[in-house]
Amino acid sequence: MTKAASAAAKDLAAAGVGGVHLAWADNNGIPRSRIIPIAGLANAATRGVGVTSLFAVFDSHDAITFAHTGLATPSGDVRLVPVIERLRRLAGQPALAWAPGRQVAADGSPWPYCQRGVLERQVGLAAERGLEFKAGYELEFAVAPAGSPGIVGSPGHPGPAYSPHALVPLDGFVAALLHDFAANGLEIGQLHAEYGLAQIELSLPATDPVSAADDQLLARQTIHAAAHAHGLIVSFAPMVGLETAGNGWHLHTSVRRKGRNLLAGDGVPEGEGAAYLAGLLRDLPALTAVTAPSVPSTLRLRPGFFAGAYAFWGVENREAPLRYVPGTALLGDAHANVELKTSDASANPYLALAAVL
Ligand code: GLU
Ligand code: MG
26 MTKAASAAAK DLAAAGVGGV HLAWADNNGI PRSRIIPIAG LANAATRGVG VTSLFAVFDS
86 HDAITFAHTG LATPSGDVRL VPVIERLRRL AGQPALAWAP GRQVAADGSP WPYCQRGVLE
146 RQVGLAAERG LEFKAGYELE FAVAPAGSPG IVGSPGHPGP AYSPHALVPL DGFVAALLHD
206 FAANGLEIGQ LHAEYGLAQI ELSLPATDPV SAADDQLLAR QTIHAAAHAH GLIVSFAPMV
266 GLETAGNGWH LHTSVRRKGR NLLAGDGVPE GEGAAYLAGL LRDLPALTAV TAPSVPSTLR
326 LRPGFFAGAY AFWGVENREA PLRYVPGTAL LGDAHANVEL KTSDASANPY LALAAVL
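With this note's numbering, the residue at position 352 of the sequence shown is 377, and numbering never jumps.
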């Protein structure tokens, strides 16, 4: 690992990169990071860098919630170790690279509050049962000019929803998104002006669950940097105003056994695929608590906004929190999946997927 880290650091330094963001997401879905100079990457890959164990009890206002026995202490250290296989230069911030961090205990043993580690464990348990999951996020966000008081007072695009005209004033930003996502190794499925106020949506393709959560974090960083470069701010908040549609970060998943997509088919899922969907429906209240955990999340889950306000599933039903997408004759079996609509950006992407698995 150190060899790979040294080689990567050398290449990045030669390309003008000065430092690396070691990123993770806290339990509120808020990305956190430590920048390390590029010369320190190999050392960090072995020993990690220190962060307080209190991040396990940070709240969404950057305050610490002390009502947790064992965690409510300023003493203690967690080591944040970069995942070198996922290291990449940030196209929109060319002096910086980015890698997701793994949190381990000070002695190198697993740290139970590492969200990425929790998801890795779930993926491993699924594999022991012969199951392989694929996952992909859909990201909705609102745009406003930098320095403006908010989206409602100064929306960054005028609509109409789904119209190419809506995005004309954001042409440079859209171009940067397309360029920077590709350069950062992220594929965009599609991008459009959504129906919420100044809203944009882009989707990420399905991949293994841990990569899907890593990609979601990197996508956030990429979007913020592109917005800043074009005089904009973006909000991923579940609600940016009470009158408009919220921002959902819908989670598409499918599950395979021996390479066969268990959700495949052009009707309704059967057998183990049906059992997967039934399990999601049975546990929907708990899944909603983990995937839509903030106060604005609960405001977002209103009828009529395609956010999943009722507990049911449906075939291509956009009002359902569980939308089954069949593998039609045109799309093929590989495409079949179930979309969890409750999910939003105030969830930790790793924990959200771990709960679904
Ligand atoms: N904006 C809606 C939400 O809050 C979702 C709209 C859609 O893409 O179906 O989740
Ligand atoms: Mg949408």
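Positions of the beta carbon are idealized from the N, C-alpha and C atoms, including for glycine.
Asked: What does DSSP give as the partner residues of lysine 28 in its beta bridges?; Found: DSSP output for lysine 28 lists no bridge partner at all.
Asked: Residues around the ligand MG, please: the ones whose beta-carbon is closer than 6 Å to some heavy atom of it, in chain order.; Found: Glu165, Glu219 and Glu226
Asked: Between which two residues does the alpha helix (DSSP H) carrying alanine 195 extend?; Found: Note on identity: in this sequence residue 195 is leucine, with alanine being the wrong assignment. From DSSP, leucine 195 is part of no alpha helix (DSSP H); its letter is neither H nor E.
Asked: Helix, strand or coil: how does DSSP classify lysine 283 here?; Found: coil
Asked: The alpha helix (DSSP H) with isoleucine 61 in it runs from where to where?; Found: From DSSP, isoleucine 61 is part of no alpha helix (DSSP H) but of the beta strand (DSSP E) over 56 to 62.
Asked: I believe alanine 186 touches tryptophan 123 by the beta-carbon criterion, under 8 Å. Please report the beta-carbon distance rounded to the nearest angstrom.; Found: The pair is not a contact, with the Cβ atoms about 32 Å apart (cut-off 8 Å).
Asked: Which stretch, first to last residue, makes up the beta strand (DSSP E) that contains isoleucine 258?; Found: 257 to 260
Asked: Alpha carbon to alpha carbon, what distance is there between glycine 65 and valine 45?; Found: 9 Å
Asked: Using 9 Å as the threshold, is the C-beta distance between leucine 305 and leucine 312 below it?; Found: yes
Asked: Which whole-angstrom value describes the C-beta separation of alanine 361 and valine 350, a residue pair presumed to lie in contact below a C-beta threshold of 8 Å?; Found: 6 Å
Asked: Can you give me the C-alpha to C-alpha distance between threonine 367 and isoleucine 109, rounded to a whole angstrom?; Found: 32 Å
Asked: Cutting at 6 Å between CB atoms, please list the residues of its own chain near aspartate 102, excluding the five before and the five after it.; Found: Gly75 and Ala131
Asked: Touch check for the region 173 to 186 and the region 217 to 230: three-plus C-beta pairs under 8 Å?; Found: yes
Asked: Consult DSSP for alanine 369 and reduce its assignment to one of helix, strand or coil.; Found: Per the sequence shown, residue 369 should be read as aspartate rather than alanine. Aspartate 369: coil per DSSP, three-state reduction.
Asked: Quick one: Cα of arginine 141 to Cα of alanine 314, how far?; Found: 19 Å
Asked: Quick check: is any heavy atom of the ligand ATP less than 8 Å from the C-beta of arginine 325?; Found: Absent from the structure shown: the ligand ATP. Ligands present: the ligand GLU and the ligand MG.
Asked: Per DSSP, what kind of secondary structure is glycine 95 in: helix, strand or coil?; Found: coil
Asked: On the DSSP bridge assignment, give the partners of threonine 35 in chain order.; Found: At residue 35 the sequence reads lysine, which differs from the threonine that was named. DSSP lists no partner for lysine 35.
Asked: Is asparagine 362 helix, strand or coil when you go by DSSP?; Found: strand
Asked: Output the distance between the C-alpha atoms of aspartate 233 and alanine 336, rounded to the nearest integer angstrom.; Found: 27 Å
Asked: Based on DSSP bridge pairs, tell me the residues matched to phenylalanine 166.; Found: Ile225
Asked: For leucine 115, collect the residues of the same chain with a Cβ closer than 6 Å to its Cβ; drop the 5 residues on either side in sequence, then sort them by chain order.; Found: Leu121 and Trp123
Asked: For alanine 167 versus glycine 221, is the C-beta distance shorter than 9 Å?; Found: yes
Asked: Taking only runs of the alpha helix (DSSP H) that begin and end inside the region 270 to 321, which ones reach a length of at least 4 residues, in chain order?; Found: 296 to 307 and 309 to 316
Asked: Secondary structure at glutamate 145, three-state DSSP: helix, strand or coil?; Found: helix
Asked: Using a threshold of 9 Å, state whether the C-beta atoms of alanine 317 and proline 374 are closer than that.; Found: no
Asked: If the criterion is Cβ atoms closer than 9 Å, does the pair leucine 229 and glutamate 163 meet it?; Found: yes
Asked: Less than 9 Å between the beta carbons of aspartate 239 and proline 99, yes or no?; Found: no
Asked: The ligand GLU and histidine 182: does the residue's C-beta get closer than 8 Å to at least one heavy atom of that ligand?; Found: no
Asked: Helix, strand or coil for phenylalanine 83 per DSSP?; Found: strand
Asked: Is it right to say threonine 94 is buried, meaning 16 or more other beta carbons lie within 10 angstroms of its own, or is it exposed?; Found: exposed
Asked: Taking the alpha-carbon of arginine 154 as reference, which of Ala171, Arg282 and Arg127 has the nearest alpha-carbon?; Found: Arg282
Asked: So what's aspartate 132 in DSSP terms, helix, strand or just coil?; Found: coil
Asked: Counting C-beta neighbours from all protein chains within 10 Å, is the total for histidine 255 16 or more, i.e. buried, or is it exposed?; Found: buried
Asked: Just checking, does the region 133 to 140 make contact with the region 53 to 65 on the three C-beta pairs under 8 Å criterion?; Found: no
Asked: State yes or no: is the C-beta of lysine 159 within less than 9 Å of the C-beta of alanine 97?; Found: no
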